[in-house]
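Inspection log for the structure reproduced underneath, given as structure tokens.
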Amino acid sequence: MGSWYVYMLLCDQKMFYVGMANSILNRFLEHINKKSFFTKKIF
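For any residue, its number in our numbering is found by taking its place in the sequence shown, counting from 1, and adding 320.
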């Protein structure tokens, strides 16, 4: 079992985006290229 990362980003309007990934670079590239399979808002 490999390593996983949990990240929390502060977005506009004081909202947080929380996610997890086993590769931070790949996850970032998925967001840039709009290839994310799912995204949830957490309030």
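Virtual Cβ for every residue (Gly too), placed ideally from N, Cα, C.
{"Asked": "For residue 326, which residues from the same chain have a beta carbon less than 8 Å from its beta carbon, with the 5 sequence-adjacent residues on both sides left out?", "Found": "338, 339, 340"}
{"Asked": "Nearest CA to the CA of residue 323: which residue from 342, 355, 347?", "Found": "342"}
{"Asked": "Residue 346 lies in the alpha helix (DSSP H); which residues open and close that run?", "Found": "344–352"}
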